[in-house]
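Colleague: Chains as they are written, first to last, in the numbering used here: chain P, 1 to 223; chain A, 224 to 446.
Note that the Cβ used here is the ideal one computed from N, Cα and C, for glycine as well.
In this text the structure is predicted, and so the values were computed from the model without any measurement.
To start, I am sharing the structure in question, which I have written as structure tokens.
Encoded structure:
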């Protein structure tokens, strides 16, 4: 029996890399990256390519696309250089200014459009609900509602599952899972600010450092 | 009491123009156009601007954005010049090759991202369910599922309705409604193929001609 085909949304960060590793256990991979004007997109694309090489994904199953419109829509420190990336405050209950309005709807929609053309079986996204920055479009109930919209908004014969294998994991568990699946964590990038070295201060760096610390694993990009 | 603010997805075609006219009855307008590699995008943008001028919408509330990724994803005669635009077959039950996979999810997501930044109250889209080409992402149940995803995937304080005022209307009723609301139908464009004159043969031209005929109205773009 031939393997399933999965479109994996791969930013190049820790979570999406481990998501690719999970998908690779049972599926052939088609990898998708979106540049939407985020500050670190050039660095992200480098990680995307390195991870795609690691999993030996053919050129026809790699897609790096641009959607500058999120930059024009604005409203986020990630896409508007006039808004500073704040230092982390992991205990704050509010949604940080790095939230890109409804971003994951764009990412998932893109994955679904490509999956429908490829006749793929699933779209994988590495969203994490609890142990993250509190973005509303990372929640399980959002993903399940969106999956229903996928089912209703594509061709009748199209069946595309929305897979969210990390959604209820802690960041420390994600690190441990990545290690156990031999995911190439050394090729990932998480920092919101810099392109050369992780800043160590933004919320994404802070979440990553805490995760590796709790998992008792040395972060390979810092060694 | 101040008026509501509505983001209207305005392709520049008949349906979206009448949708803008409906929204304008009770809302201030913010108009959004997406160029996604469709053959007639230059002509569409001309119509978008003319309709925006007609409704005296300020520059800050007009947004024309590009998303070439649907062209790269492919799979549709509308975005792939290697696939011919077929002549109309309005009686066929199958989904035509002009279907752009999951396109309306991208359009609505874009409207929602902008609406969240603008603190708008609603996103209007001129989808038509029955009397149209049978695209799955034009159906009421898709729109209602998507509205639920909007509610769950945006900030807790964000409330954005997804308004589909034409969804159960016939094309003839849409023409009549547009006439009664004094919508600038003379500024609209529907043809899938050409940029100068409507081809008169594609499904969009055929649907438009049938609609004006049934409504007993002369199409102003043909006079």
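Secondary structure at residue 123 (chain P), three-state DSSP: helix, strand or coil?
Modeller: strand
Colleague: Any idea which residues DSSP pairs residue 247 (chain A) with across the strands?
Modeller: Answer is none; residue 247 (chain A) lacks a bridge partner.
Colleague: Could you check which residue in A:279, A:286, A:326 has the C-alpha nearest to that of residue 294 (chain A)?
Modeller: Closest option to residue 294 (chain A), Cα to Cα, is A:326.
Colleague: So what does residue 329 (chain A) bridge to, in DSSP terms?
Modeller: For residue 329 (chain A), which the question treats as bridged, DSSP gives no partner whatsoever.
Colleague: Using alpha carbons as the reference points, say which of P:180, P:124, P:134 lies closest to residue 160 (chain P).
Modeller: Of the candidates P:180, P:124, P:134, the residue whose Cα lies closest to the Cα of residue 160 (chain P) is P:124.
Colleague: By the DSSP assignment, the beta strand (DSSP E) with residue 203 (chain P) in it spans what residues?
Modeller: Element bounds for residue 203 (chain P): not the beta strand (DSSP E) but the alpha helix (DSSP H), 203-215.
Colleague: Could you compute how far the alpha carbon of residue 15 (chain P) sits from the alpha carbon of residue 173 (chain P)?
Modeller: 11 angstroms
Colleague: So, residue 87 (chain P) versus residue 208 (chain P), is the Cβ gap smaller than 7 angstroms?
Modeller: no
Colleague: Counting only Cβ pairs nearer than 8 angstroms, list the residues of chain P close to residue 329 (chain A).
Modeller: The answer, in chain order, is 106, 109, 110, 113.
Colleague: Check residue 240 (chain A) in the structure and name its three-state DSSP category.
Modeller: Helix, per DSSP.
Colleague: Taking just the CA atoms, how far does residue 357 (chain A) sit from residue 298 (chain A)?
Modeller: 16 angstroms
Colleague: How many Å lie between residue 370 (chain A) and residue 385 (chain A) at the Cα?
Modeller: CA-CA distance, residue 370 (chain A) to residue 385 (chain A), rounds to 6 angstroms.
Colleague: Rounding to the nearest angstrom, what Cα-Cα distance links residue 152 (chain P) and residue 262 (chain A) in this structure?
Modeller: 27 angstroms
Colleague: Since residue 229 (chain A) is in the beta strand (DSSP E), which residue starts that stretch and which ends it?
Modeller: 227-232
Colleague: When you compare the CB of residue 230 (chain A) with every CB in chain P, is at least one pair closer than 7 angstroms?
Modeller: no
Colleague: As a quick exercise: from P:56, P:18, P:97, pick the residue whose alpha carbon is nearest that of residue 28 (chain P).
Modeller: P:56
Colleague: The ligand HEM and residue 180 (chain P): does any heavy atom of the ligand fall closer than 6 angstroms to the residue's C-beta?
Modeller: The model on display carries no ligand, and the ligand HEM is accordingly not part of it.
Colleague: What separation, rounded to the nearest whole angstrom, lies between the Cα atoms of residue 109 (chain P) and residue 328 (chain A)?
Modeller: 6 angstroms
Colleague: Pull up the CB-CB distance for residue 394 (chain A) and residue 351 (chain A), whole angstroms please, since I reckon it's below 8 angstroms.
Modeller: 7 angstroms
Colleague: For the 8 angstroms Cβ check, are there 3 or more pairs between the segment 185-194 of chain P and the segment 227-241 of chain A?
Modeller: no
Colleague: Could you compute how far the alpha carbon of residue 31 (chain P) sits from the alpha carbon of residue 52 (chain P)?
Modeller: 7 angstroms
Colleague: Give me, in chain order, the residues of the same chain whose beta-carbon lies closer than 6 angstroms to that of residue 284 (chain A); leave out the 5 immediate sequence neighbours on both sides.
Modeller: 253
Colleague: For my contact list, residue 44 (chain P) and residue 33 (chain P) are in at a C-beta cut-off of 8 angstroms; report their separation, rounded to the angstrom.
Modeller: 7 angstroms
Colleague: Taking its Cβ as the centre, do 16 or more other Cβ atoms sit within 10 Å of residue 196 (chain P), making it buried, or is it exposed?
Modeller: exposed
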